[in-house]
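Chemist: Next up is a structure, given as structure tokens.
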Amino acid sequence: MTAAEPYKGVAGVMKIPFNRPHLTGAESGYMATALSRGLLEGDGPFTKRASALLRRMLGASEALLTTSCSHALDMTGLLLDLRPGDEVIMPSFTFPSTANAYALRGAVPVFVDCRPDTLNIDERLVEEAITERTKAIVVVHYAGVACEMDAIGRLAERYGLVVVEDNAHGLGGSYRGRPLGSFGVLATQSFHATKNAHCGEGGALIVNDPELVAAAEIIREKGTNRTQYYRGEVDKYHWVDLGSSYLPSELLAAFLTAQLERFDDIQARRQEVWHAYHARLAEWAAETGVRRPAVPEGCLQPAHLYFLLLPEAEARRAFIAHLREQGIQATPHYRPLHSAPAGTRYGRTSGCPVTDLVADQVVRLPLYSGLSDEDVDAVVDAITSFAPSLV
Ligand SMILES: *Cc1c(COP(=O)(O)O)cnc(C)c1O
Numbered sequence: 038m039t040a041a042e043p044y045k046g047v048a049g050v051m052k053i054p055f056n057r058p059h060l061t062g063a064e065s066g067y068m069a070t071a072l073s074r075g076l077l078e079g080d081g082p083f084t085k086r087a088s089a090l091l092r093r094m095l096g097a098s099e100a101l102l103t104t105s106c107s108h109a110l111d112m113t114g115l116l117l118d119l120r121p122g123d124e125v126i127m128p129s130f131t132f133p134s135t136a137n138a139y140a141l142r143g144a145v146p147v148f149v150d151c152r153p154d155t156l157n158i159d160e161r162l163v164e165e166a167i168t169e170r171t172k173a174i175v176v177v178h179y180a181g182v183a184c185e186m187d188a189i190g191r192l193a194e195r196y197g198l199v200v201v202e203d204n205a206h207g208l209g210g211s212y213r214g215r216p217l218g219s220f221g222v223l224a225t226q227s228f229h230a231t232k233n234a235h236c237g238e239g240g241a242l243i244v245n246d247p248e249l250v251a252a253a254e255i256i257r258e259k260g261t262n263r264t265q266y267y268r269g270e271v272d273k274y275h276w277v278d279l280g281s282s283y284l285p286s287e288l289l290a291a292f293l294t295a296q297l298e299r300f301d302d303i304q305a306r307r308q309e310v311w312h313a314y315h316a317r318l319a320e321w322a323a324e325t326g327v328r329r330p331a332v333p334e335g336c337l338q339p340a341h342l343y344f345l346l347l348p349e350a351e352a353r354r355a356f357i358a359h360l361r362e363q364g365i366q367a368t369p370h371y372r373p374l375h376s377a378p379a380g381t382r383y384g385r386t387s388g389c390p391v392t393d394l395v396a397d398q399v400v401r402l403p404l405y406s407g408l409s410d411e412d413v414d415a416v417v418d419a420i421t422s423f424a425p426s427l428v
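Numbering (my numbering), first residue to last: 38 to 428.
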């Protein structure tokens, strides 16, 4: 591979961009192997290798590679067999894909507010959002810090609801010793270039209920039982249910295999950077009233994001501009879904005041394995020379 060109994000060339996708060095060799085999469609040897790695990481019944986390979420919408008017509870503070998956099936996303500390769905507000139309609770472990899965699991059991984890941030994180992605009947992973392990664009559907594996395979293969046919379990394949084409090419699976095999190395450096920010910004944060991420007891976070909460929108704007002047790209995050144009059209809510507040406060710092110690120094110095009270 050639030497890295400066990464040109939306903000142009930055000395320290928000993200630089990790490369292990093994990707091009694995992709060359896939090319030389001449088998480039999905479900070849690299797809099986990457799936096995994911199954082992999560203890899952099955891990089906997909073309994106959004597509894996769409598959959960099909698997839950939702009817128009059914309701799915989810946080407002998430990516639109979490809601699209269910709105596409005619179901109603019911947006619940987030906790002010972790920015995760507030488990204390879930019960009042449940109606007789509710079918599922979708959780998003923001920054890979777990939602309160004990409380959410108890509610799901009491009301007979399915739990789905949008675990796009959470690979490598855990809650009370159990990996994130292993709590839902279904969970989804993202391997987009901004995630810890990636293949440019990619994802996975994690199936934790063995009884759903066959149906998931059919949905992923255009609604056919072709996966069974390839295994020699049937002598021809048919259109048996609704589905689409959700499996990635072997080339992407080869890239992803290289990343997953070296996931511990990726995580080691990301954790160093995360902990350096956390320790070195503590004093400045206390003095300025800026909040750092909270990681409750029992949660191991996977260094997916390092965020700060500025006092309000104007302070955040000034903070981002201050860093940009020094060539450092910091970025806001989600706009609330409950008040977004499509959110008001397709969803319902009884209000999400905490989400409204934090959406204007969150700013994410550069966090990737390629950050040098000097880069971290530069980010910390730039931040600690900023005082929000002076705005
Ligand atoms: C990144 C992300 C997605 C979308 O992932 P893609 O792989 O880009 O489709 C969905 N949900 C959350 C919470 C994400 O962070």
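Ideal Cβ placement from N, Cα and C applies to all residues, glycine included.
(1) Could you tell me which uninterrupted alpha helix (DSSP H) segments, each at least 4 residues in length, are contained entirely in the stretch 101-164, listed from first to last along the chain?
(2) What are the boundary residues of the alpha helix (DSSP H) that includes R401?
(3) In three-state DSSP terms, what is L293?
(4) Grab the span of the beta strand (DSSP E) containing T225 for me, first residue to last.
(5) For a cutoff of 9 Å on Cβ pairs, would you count H206 as touching chain B?
(6) Are the beta-carbon atoms of P78 and E287 separated by less than 9 Å?
(7) Considering only DSSP beta bridges, list what I303 is partnered with.
(8) Excluding the 5 residues preceding and the 5 following A180 in the sequence, name in chain order all residues of the same chain whose CB lies nearer than 7 Å to its CB.
(9) Just to confirm, are E202 and V176 a CB contact at a threshold of 9 Å?
(10) Answer with buried or exposed for T103, where buried requires no fewer than 16 other C-beta atoms within 10 angstroms of its C-beta.
(11) What does DSSP give as the partner residue(s) for L346 in the beta ladder?
(12) For R401 and L284, what's the separation of their Cα atoms in angstroms?
(13) List the whole-angstrom C-beta distance separating F300 from G209, where the pair is believed to meet the contact cut-off of C-beta under 8 Å.
(14) Just to check, is the beta-carbon of A205 closer than 8 Å to a non-hydrogen atom of ligand 1?
(15) Does the Cβ of L72 have 16 or more other Cβ atoms within 10 Å, making it buried, or fewer, making it exposed?
(16) Thinking just about the alpha-carbon of each residue, which of L95, D397, D246 is nearest to the one in Q226?
(17) Under 7 Å Cβ to Cβ from T135, same chain only, skipping five residues before and after it: list those, please.
(18) Can you name the residues that DSSP bridges to T3?
(19) Is G240 near ligand 1, going by C-beta to nearest heavy atom under 8 Å?
(20) Does DSSP put D80 in a helix, a strand or coil?
(21) How is the alpha helix (DSSP H) around V413 delimited, first residue to last?
(22) Compare the Cα-Cα distances from G380 to each of S88, Y139, L117 and report the closest residue.
(23) DSSP three-state call for I167: helix, strand or coil?
(24) First and last residue of the alpha helix (DSSP H) that includes L192?
(25) Leaving out five residues on either side along the sequence, give the residues of the same chain with a beta carbon under 7 Å from the beta carbon of A313.
(26) Just grab the DSSP bridge partners of P216 for me.
(27) When the Cα atoms are used, what is the spatial distance from R35 to T421?
(28) Restricting to Cα atoms, I'd like to know which of M68, A424, A415, F423 is closest to P54.
(29) Helix, strand or coil for G240? Go by DSSP, reduced to three states.
(30) Consult DSSP for E334 and reduce its assignment to one of helix, strand or coil.
(31) Just mark Y212 as buried or exposed, buried being the case when its beta carbon has 16 or more other beta carbons within 10 Å.
(32) Tell me R385's beta-bridge partners as DSSP assigns them.
(33) Out of curiosity, what's the CA-to-CA distance linking L141 and V222?
(34) Would you mind giving the Cβ-Cβ distance between V277 and G260, rounded to the nearest angstrom? I have them listed as a contact below 8 Å.
(35) Evaluate S107 with the Cβ neighbour count: other Cβ atoms within 10 Å of its Cβ, from every protein chain shown; 16 or more gives buried, anything less gives exposed.
Modeler: In brief:
(1) 106-116, 133-140
(2) Run containing R401: none in the alpha helix (DSSP H); it sits in the beta strand (DSSP E), 399-401.
(3) helix
(4) 223-227
(5) This model lacks chain B altogether; it includes just one protein chain.
(6) According to the sequence provided, residue 78 is Glu. The question's Pro does not apply to it. Taking 9 Å as the Cβ cut-off, E78 and E287 qualify as a contacting pair.
(7) Its beta-bridge partners do not exist; DSSP assigns none.
(8) H206, P330, Q338, H341, L342, F344
(9) yes
(10) buried
(11) R328, V399
(12) 31 Å
(13) 7 Å
(14) yes
(15) exposed
(16) L95
(17) L110, M127, V175, V177, D203
(18) This structure cannot settle anything about residue 3, because the visible part of the chain is limited to 38 through 428.
(19) yes
(20) coil
(21) 410-421
(22) Y139
(23) coil
(24) 186-196
(25) V413
(26) S211
(27) This structure cannot speak to residue 35, because the chain is shown only from 38 to 428.
(28) A415
(29) strand
(30) coil
(31) buried
(32) V147
(33) 20 Å
(34) 6 Å
(35) buried
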